[in-house]
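One line per chain: the protein sequences are A and B, in this order. Read the first sequence against our numbering and you will find it ends at 107, with the numbers running on by one and no gaps. Read the second sequence against our numbering and you will find it ends at 992, with the numbers running on by one and no gaps. Backbone N, C-alpha and C fix where the C-beta goes; we use that ideal spot for every residue, glycine too.
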Amino acid sequence: MLILTCPYCGVAGEETEFHAGGEAHLKRFGPGSSDDDFDAYMFARKNPKGVHFERWRHVFGCGKWFHAARDTATLQVFGTYPAQVSGPPQDILDRIAAATSAHAAK
Amino acid sequence: MSTRLATGGSRIDRSKPRRFTFDGAGLRGFAGDTLASALLANNRMLVGRSFKYHRPRGIVAAGVEEPNALVNLGTGARHEPNQRATTTALFEGLTATPQNVWPSLDHDIGAVNGLFAPFLTAGFYYKMFLYPRAFWKHVYEPFIRQSAGLGRAPAPEDADPDTYEHFHAFCDVLVAGGGVAGLQAARVAARAGQRVLVLEQTSHWGGRAPVDGGTIDGQTTEAWTAATLAELAALPNVRFRTQVMVAGVYDHGYVLAHETVADDRPGAKGPRHRLWRIRATRIISATGAIERPLSFAGNDVPGVMLASAVRDYIAHYAVSPGDRVVIVTNNDDAYRTALAVHRAGLTVPVILDARPAGGGALMAEARAAGLRVETGRAIAKVLGTKRVTGVAVCAQAGEGAVLDTIPCDAVAMSGGWSPVVHLWSHCGGKLIWDADRAMFRPDAARPPTDHTGAGFVTCTGAANGALTLAEVLADAGATGQVDAPLEAALAPVWMMPQGAGPKLRAKAWLDFQNDVKVSDVQQAAQEGYQSVEHAKRYTTLGMATDQGKLSNINGLAILSDALGQPIPQTGTTTFRPPYAPISMGAIGGAARGDVFQPIRRTCLYDWHEAAGAHWEPVGQWRRPYCYPRAGETHQDAVRREITTVRSAVGLLDASTLGKLIVKGPDAGRFLDLIYTNMMSTLAVGRCRYGLMCNENGFLSDDGVVARMSDDTFLCHTTTGGADRIHAHLEEWLQTEWWDLQVYVANVTEHWAQFAVVGPKARQVLEKLGGLDVSKSALPFMNWAEGTLGGVTARVFRISFSGELSYEIAVPVSLGRAFWDALLAAGAEYGAAPYGTEALHVLRAEKGFIMIGDETDGTVIPQDLGLDWAISKKKPDYIGKRGQERLRMVDPDRWKLVGLETLDGSVIPDGAYAVADGRNANGQRNTQGRVTSTYFSPTLGRGIAMGLVRRGPDRMGEVIEFPKLDGSSVKARIVSPVFYDPNGEKQDA
């Protein structure tokens, strides 16, 4: 059972305190978009063995949606950050890069 | 025979005799016995039958790894199957029966399966039952069901009388296992100031050390254990408990452990089992190792036991497994058993050591004690069927030519030790093959990782592959001086003798419980099963209740040999929690019966109950289905309630209706995106019916929106939808349109809401007095705030029945008083409460849809003729793009219509309308289905709503709905609005 830290209220909680919301940073395609764009937005989801940017909601806490960068294989959490962004913040990308190069060095 | 020795037994208390019964026979043991040791003390070696061939099965181990000694334990409501005798503490009055036996343990008819053993080989079921096809349903499946399962399930009417609980614990370091390694590791962590929790699965500390001997700094291992425990007990940061088995390690250091609290005290107060839910920063797995059997012909005959188990029974319980015990081994450890047997005054006719050069100091000690040691020797086969009578000896290097036959009544075997790596592996810790010791042990470089990316499980002691006392202590971080004999290297022996032919291999068991033999695994390899996971499932090796604790390593060594590849290339099967079986009761904990899940009650719950309401669960709410009066069936009550509403006035507790406040400068803009229709244009004081879809376009919820003020809307949702829709709004607000200035609050439980419905509804409210509820002051689809009967109320003129209707919301604390006032005011007009079933029929008569009946997650509003509630002007709303897809605008879609049976009967719920022809599966084609179907007391006939292909274009057409009994019912396609199609009544 994962432990995640809500970036809004600062609480480190058990996975059961949160609700998983799938892949983060999807771009919405609404009326007027092509079938392919809409299809990809609705149904095509990344399923990486490795780093995954994903949405979570602190449903039994402050109720806020946030994002997490998590390695689906090692379960390392590189950080959580607010949902109101269109891409992961630089400090988290740096941490991922550092972990990846450390792993490659092994 | 097996018997109780006159002296000794470190765990038993001879002053406390315990009576118990097995297989109907009254037997005696002592306090401190396990059921297994007590059975052996009574010469009950034969305790059950194997799964497939019904072979006689005896006790083989002394701990949690036991595959054979599974019994039905207890009687009546406390009956429990598949309980391991080796971990069951004996208590006064214990009752156990053997499993998989008929008519009796001694004479089992199923044993005839053994005669068919050549045909019942690996994959038998897959091959045998394929043909002829028609045989499956009536011949094969009933046969398999009859013979499936081990043990007898408790009777379904027997509710478990015991209680169970969950227990949450937190620590820096969790130590699993209370042997020398675990205690030493705990000491190191405790001295470092960490919060330490030590859990031991048995009732005893010290692990195998008290039996295996050796000294630490001149102390016996018992004295060392006692001193270490005393030191830990004095520390405030250490907790330790016995009888708690760490069952599983999960992501980020979550651990489940199972405590047996009162198994030996049936009916005692308090919980029987406790499930520990632990959060540990670091986990030290000091779970020891399990001895492996050797694969020789007849290694499953009762009386063949693990060598370690034999000396456990002697040392702990003063139980002799046999008068003459042959030892067979490929390592030094089994010599300890030989010496223990010898010192107990029993006979060791021979020690067969498969290693050409034999062992080290322990072998010398055995020889010095006068024991006969034969090196390079093996067992060709065990003699005897229900009990060992002797062994035929051969050369390990040969093919099994018998050199000697030695009478004996027990065989102690040791094929080496396998570290218990389960807790390491549950979260993905990797293993390496240690060829010198012939074992998989943890690869410290590839541990399971936590949220920081660091390893959070370590293994220590035998679980880490450190088998001798000196290695164990050093591995756990001690510097003590150990005195224990030096051991010579083990020689891997996977088949005994090495060149055993097909006949011997077909009698050499790997998995005792599931009857998997060496020959089965070899056959699987021949048939092309290369993956260990596939071979496991094909042969069922390791799939029994013991999950292959004894059999897996031996099996995959045989598989590797058959595939001609090294063992590490074959790999292991996946280790999954729980380590050993845990009770379903413990998993459920206190969540059963009345507290299984919370029940949500409206403020009128007690009134409904007193009024004799028949309850219907709606989500977590309980709502009255109807209020039957004396002599009324539920059906009678529902029909009376409908007639009351249509002819006089009915009262409904609608408090469960979801109520969301959407407030802010952008509230209107936001709701325009959420609803399919336009909400921003709604005037203050007005109400509008709205539809919500998901992004796919499918209808998700509906309800009436009332505009409270310029920046505030009240959105009604369905009863079950309030929380879901609240979450839906929050998700879009927070993750997509976070620039909108809007707040959403769920005020469902702040308001009691009652519907006053029927032609006399206005008179009832006028009698209460206050707010002007006339048609001109408060027309249909308007709302107003004012006082009614002295209570401040919001009154909505909305209708879900087609009648003149008011929904009145009052603060929930005033709900009951207002309801009482309504009843009093309504009495002279014939007012009566109505329930959810009347509500459903009333809305169906009027052709109103119900989320969950007319919708199922594949239905768009256009399918339901709700185009009028879909804005054509808005550039966007959730679901708009989805509804533009080709399939969604297909004119062939099934659309909502009313259905009127030609004979007036009620169409069965969920019935399908058949069309001409058949589909690819040979089934009748369909052209529609029923979504709601009721008897309408208002119309005096069955009415239904349904989705029919091109339905609205086919008015008047008759379609046919087959029924389960083979007959069918014909219905005419009509408008779904059966009652007051012009809406004059609701507008009155």
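Does S34 (chain A) get closer than 9 Å to chain B when you measure Cβ to Cβ? yes
By Cβ distance, which residues of its chain are closer than 8 Å to N923 (chain B), with the 5 residues on each side in sequence left out? N929
Outcome for G908 (chain B) when other beta-carbon atoms lying within 10 angstroms are tallied against a minimum of 16: exposed
Does the Cβ-Cβ distance between W823 (chain B) and W611 (chain B) come in under 9 Å? yes
So, at 8 Å on beta carbons, what are the nonlocal neighbours of Q247 (chain B) in its own chain, with the 5 sequence-adjacent residues on each side left out? E204, Q205, T206, S207, E263, T264, V265
Looking at the C-beta of T453 (chain B), does it have a partner C-beta in chain A at a distance below 9 Å? yes
Between the region 893-901 of chain B and the region 942-959 of chain B, do at least 3 Cβ pairs fall closer than 8 Å? yes
In the DSSP assignment, the alpha helix (DSSP H) including Q527 (chain B) goes from what residue to what residue? 522-530
Along the chain, where does the alpha helix (DSSP H) that runs through H538 (chain B) open and close? 536-543
Span separating the alpha-carbon of A493 (chain B) from that of L473 (chain B): 15 Å
Show which residues of chain B have a CB atom less than 9 Å away from the CB atom of Q77 (chain A). T453, D454, H455, T456, G457, A458
Which runs of the alpha helix (DSSP H) spanning at least 4 residues fall entirely within the region 392-455 of chain B, listed in chain order? 426-429
Using DSSP's beta-bridge definition, name the partner residues of E849 (chain B). Answer is none; E849 (chain B) lacks a bridge partner.
Could you check where the beta strand (DSSP E) with T462 (chain B) kicks off and where it finishes? 461-463
Going by alpha carbons, who is nearest to A658 (chain B) out of B:H754, B:E161, B:Q527? B:H754
Please report the straight-line C-alpha distance between A3 (chain B) and A231 (chain B), rounded to a whole angstrom. Past the edges of chain B, shown from 5 to 992, lies residue 3 (chain B), and the structure says nothing about it.
If the cut is a Cβ gap below 8 Å, which residues of chain A does E735 (chain B) touch? G22, R58, W66
Roughly how many whole angstroms lie between the Cα atoms of V653 (chain B) and K884 (chain B)? 40 Å
Hey, how far is the Cα of A512 (chain B) from the Cα of S289 (chain B)? 33 Å
In the DSSP output, which residue or residues are listed as bridge partners for Y679 (chain B)? B:M696
Can you check whether the C-beta of E15 (chain A) is within less than 9 Å of a C-beta belonging to chain B? yes
Given that a residue counts as buried once 16 or more other Cβ atoms are within 10 Å of its Cβ, and exposed if not, what is Y747 (chain B)? exposed
How about the region 216-229 of chain B and the region 271-284 of chain B: do they share at least three Cβ pairs that are nearer than 8 Å? no
9 Å is my cut-off, CB to CB: does I93 (chain A) come that close to chain B? no
Within-9 Å CB hit, A919 (chain B) to chain A: no
Output the boundary residues of the beta strand (DSSP E) element that contains H618 (chain B). 618-622
By DSSP, does K974 (chain B) sit in helix, in strand, or in coil? strand
If you measure beta-carbon to beta-carbon, which residues of the region 225-257 of chain B are closer than 7 Å to chain A? Y254, D255, H256
Is the region 420-435 of chain B touching the region 248-263 of chain B in the sense that three or more CB pairs, one from each, lie closer than 8 Å? yes
Below 9 Å on C-beta distance, what does K884 (chain B) contact in chain A? G31, P32
Residue-level contact to chain A via CB, G724 (chain B), 9 Å cutoff: no
Counting only C-beta atoms, is A180 (chain B) closer than 9 Å to chain A at any point? no
Establish whether the CB of A74 (chain A) and some CB of chain B are separated by less than 9 Å. yes
Among residues of its own chain, excluding the 5 on either side of Q745 (chain B), which ones have a beta-carbon nearer than 8 Å to its beta-carbon? G668, P669, D670
Closest Cα partner of A237 (chain B) within the set B:Y321, B:V761, B:R191: B:R191
If I follow the unbroken beta strand (DSSP E) through N556 (chain B), where does it start and stop? Element bounds for N556 (chain B): not the beta strand (DSSP E) but the alpha helix (DSSP H), 556-567.
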